[in-house]
Amino acid sequence: MTHQEVKPVETKKIRELLDRQKGKMKRYLSFCAHCSLCAESCFLYMAHDKDPQYMPSYKVIHSLGKLYKKRGNVDRKFLMEMKGIVWRNCVLCGRCYCPIGIHVPSMIAFARSICRSQDVYPQLDEVSSESWL
Amino acid sequence: MCNFVEGRLISIAFVVFCLGLIFQAVRFFKLTKKKEWVFPPLPMEMNREKKTAGQWINQFLHTLNGTLWKTDPILTIITSIFHVCLIVAPLFLLGHNILFDQAWRLSLFSFPEPWSDILTLVILICGAYFLGRRLFLSRVRAITSIYDYIVLLIAIAPFLTGFLAYHQWLDYRTVIFLHILSGEVTLITIPFTKLGHMLFFFLYRFFIGSEYSFVRGSRTW
Numbered sequence: 012m013t014h015q016e017v018k019p020v021e022t023k024k025i026r027e028l029l030d031r032q033k034g035k036m037k038r039y040l041s042f043c044a045h046c047s048l049c050a051e052s053c054f055l056y057m058a059h060d061k062d063p064q065y066m067p068s069y070k071v072i073h074s075l076g077k078l079y080k081k082r083g084n085v086d087r088k089f090l091m092e093m094k095g096i097v098w099r100n101c102v103l104c105g106r107c108y109c110p111i112g113i114h115v116p117s118m119i120a121f122a123r124s125i126c127r128s129q130d131v132y133p134q135l136d137e138v139s140s141e142s143w144l
Numbered sequence: 334m335c336n337f338v339e340g341r342l343i344s345i346a347f348v349v350f351c352l353g354l355i356f357q358a359v360r361f362f363k364l365t366k367k368k369e370w371v372f373p374p375l376p377m378e379m380n381r382e383k384k385t386a387g388q389w390i391n392q393f394l395h396t397l398n399g400t401l402w403k404t405d406p407i408l409t410i411i412t413s414i415f416h417v418c419l420i421v422a423p424l425f426l427l428g429h430n431i432l433f434d435q436a437w438r439l440s441l442f443s444f445p446e447p448w449s450d451i452l453t454l455v456i457l458i459c460g461a462y463f464l465g466r467r468l469f470l471s472r473v474r475a476i477t478s479i480y481d482y483i484v485l486l487i488a489i490a491p492f493l494t495g496f497l498a499y500h501q502w503l504d505y506r507t508v509i510f511l512h513i514l515s516g517e518v519t520l521i522t523i524p525f526t527k528l529g530h531m532l533f534f535f536l537y538r539f540f541i542g543s544e545y546s547f548v549r550g551s552r553t554w
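Residue numbers (this note's numbering), protein chains in the order written: chain A, 12 to 144; chain B, 334 to 554.
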């Protein structure tokens, strides 16, 4: 096991970070109509045979959305799953398009910051089984 | 209970709806600030040469590339029709305007009743299409929870009960009570649930720096 998988989660720190951007992120999350019209704007969604887990809305709802829902009370397993969503499933190219006007890249970037605050990030310099590149 | 729903709760619902939207808009402008840097004009805005009608049409069709009109035209058309009908049908319904006139001596122009009936039917068909997408399309199902079905019900219920009441298909007294109640629930929930995209659809344009934006994205969080 890597140190990323065993280190205890500082939920207080996560909650602090979540509160800092609450006004913006909560508004983006709660006014998403869940229409899935953002799907085709993601090149990874198109490249993976239209797999729903690559939809911009799916990535946001299952990372940042869950963090807000659980008020930051998450375990390391959740953060490791989130790492896959926000780094492997999204390259932050910024081309996703929401008809309502929700800015998805800023939410993914914020989810990455929260992961980094808990020492969860891809270690591309280490060749390991978790490497997806 | 009946008296409250058919009397005072109507005013309460309208007040909550209006104040809720004002509150959300004011909070939005308090949370955001003006940005110094704004996006440069789009190439098509810089090009001020005179164009023929054909060139205008070509340019218009070109702007549709990569938009929802090309990627999902059926849903785009259905959702556009749905949202227009959603606003137009209740505002210009004869029955509502008679009530407005009785209450405030003010009323809007009314459509003939068969028109309103058709508009309502269109809303119900579009609603059924949205429900079908939620149930059967894997990409929509992946992001759907029970909350999405409840919100869809809240949005459609006033039209369904209104349609039933107009045709008097079930017990009129019960249906009209449900119609009033569901209308009130819709009005009260709009500012505070994802139905708030009614307002935020326009407010989010203040951040967008390209097409379909207000003031070229000059605001930021």
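For glycine and all other residues, C-beta sits at the position ideal for the given N, C-alpha and C.
Please read all numbers here as calculations on a predicted model, not as lab measurements.
> Taking the Cβ atom as the reference point for each residue, do L135(A) and P116(A) lie within a distance shorter than 7 angstroms?
Replying inline: The residue labelled residue 135(A) in the question sits at position 124 within the first sequence. The residue labelled residue 116(A) in the question sits at position 105 within the first sequence. In this structure, P116(A) does not lie closer than 7 angstroms to L135(A) by Cβ.
> Contact check, F492(B) vs L457(B) under 8 angstroms by CB: the rounded distance?
Replying inline: Along the second sequence, one-based indexing puts residue 492(B) at 159. Along the second sequence, one-based indexing puts residue 457(B) at 124. About 6 angstroms separates the two Cβ atoms, so the contact holds.
>> What does the Cβ neighbour count give for V508(B), buried or exposed, with the cut at 16 atoms within 10 Å?
In response: If you number the second sequence from 1, residue 508(B) lands on position 175. Result: buried.
>> Just to make sure I have the definition right: I need the residues of chain B whose C-beta is within less than 7 angstroms of the C-beta of C53(A). Which are they?
In response: Residue mapping note: residue 53(A) aligns to position 42 of the first sequence, counting from 1. The contacting residues do not exist; C53(A) stays about 11 angstroms from chain B at best.
>> Would Q357(B) and L532(B) be called neighbours here (beta carbons separated by less than 7 angstroms)?
In response: Translated into the one-based positions of the second sequence, residue 357(B) becomes position 24. Translated into the one-based positions of the second sequence, residue 532(B) becomes position 199. In this structure, L532(B) lies closer than 7 angstroms to Q357(B) by Cβ.
>> Runs of 3 residues minimum, wholly inside the segment 495-540 of chain B: which ones carry the beta strand (DSSP E) assignment?
In response: none
> Given that H530(B) touches chain C, what residues does it touch there, using C-beta distances under 7 angstroms?
Replying inline: The chain labelled as chain C is not found among the protein chains of the depicted structure, namely A and B.
>> Cβ closer than 8 angstroms: which chain B residues qualify as neighbours of K35(A)?
In response: The residue labelled residue 35(A) in the question sits at position 24 within the first sequence. Within chain B, the residues near K35(A) are L364 and W554.
> Can you name, in chain order, every residue of its own chain whose Cβ lies under 7 angstroms from the Cβ of K24(A), other than the five neighbours on each side?
Replying inline: Counted from its first residue, the first sequence places residue 24(A) at position 13. Only S128 meet the Cβ criterion.
> Between the beta-carbon of Q150(A) and the beta-carbon of F121(A), is there less than 7 angstroms?
Replying inline: One cannot answer for residue 150(A) here, as it falls past the ends of chain A, which runs 12 to 144.
> So with Cβ pairs under 7 angstroms, would you call S47(A) a contact of chain B?
Replying inline: Reading the first sequence from its first residue, position 36 is the one you call residue 47(A). At least one chain B Cβ lies under 7 angstroms of S47(A).
> Under the DSSP definition of a beta bridge, which residues are partnered with T396(B)?
Replying inline: To locate residue 396(B), count along the second sequence from 1; it is residue 63. Partner(s): none; T396(B) has no beta bridge.
> Could one say the Cβ of K403(B) lies closer than 7 angstroms to chain A's Cβ atoms, at least one of them?
Replying inline: In the second sequence, residue 403(B) corresponds to position 70, counting from 1. False, the Cβ-Cβ gap to chain A never drops below 7 angstroms.
> DSSP three-state call for L144(A): helix, strand or coil?
Replying inline: Locating residue 144(A) in the first sequence gives position 133, where the first residue counts as 1. With a pLDDT of only 47 at L144(A), under 50, the local geometry of the prediction cannot be trusted, and the value read off the model is given with reservation. If DSSP states are grouped into helix, strand and coil, L144(A) belongs with coil.
> T412(B): buried (16+ other C-beta within 10 angstroms of its C-beta) or exposed?
Replying inline: Position 79 of the second sequence, counted from the start, is the residue given in the question as residue 412(B). Buried, because 16 or more other Cβ atoms sit within 10 Å of the Cβ of T412(B).
> For R438(B), which three-state DSSP category applies?
Replying inline: The residue given as residue 438(B) occupies position 105 in the second sequence. In this structure, R438(B) counts as coil in the three-state DSSP scheme.
>> For a cutoff of 7 angstroms on Cβ pairs, would you count V349(B) as touching chain A?
In response: Translated into positions along the second sequence, residue 349(B) becomes position 16. Output row for V349(B): interface = no.
> Can you list, in chain order, the residues of the segment 63-84 of chain A whose Cβ is nearer than 8 angstroms to any Cβ on chain B?
Replying inline: P63, Q64, M66, S68, Y69 and I72
> Counting Cβ pairs, one atom from each stretch, are 3 or more of them under 8 angstroms apart for the segment 511-518 of chain B and the segment 65-84 of chain A?
Replying inline: no
> How about A436(B): is its C-beta nearer than 7 angstroms to some C-beta of chain A?
Replying inline: As a position in the second sequence, residue 436(B) is number 103, starting the count at 1. Taking Cβ atoms only, chain A never reaches closer than 7 angstroms to A436(B), which makes this a no.
> What's the gap between the Cα of L144(A) and the Cα of V71(A)?
Replying inline: Residue 144(A) sits at position 133 when you count from the first residue of the first sequence. Residue 71(A) sits at position 60 when you count from the first residue of the first sequence. Residue placement at L144(A) is flagged as unreliable, the pLDDT there being 47, under the threshold of 50; the coordinate-derived value follows with that caveat. Each residue's alpha carbon lies about 22 angstroms from the other.
> Are the Cβ atoms of C107(A) and S52(A) separated by less than 7 angstroms?
Replying inline: Residue mapping note: residue 107(A) aligns to position 96 of the first sequence, counting from 1. Residue mapping note: residue 52(A) aligns to position 41 of the first sequence, counting from 1. Yes, Cβ-Cβ distance for C107(A) and S52(A) is below 7 angstroms.
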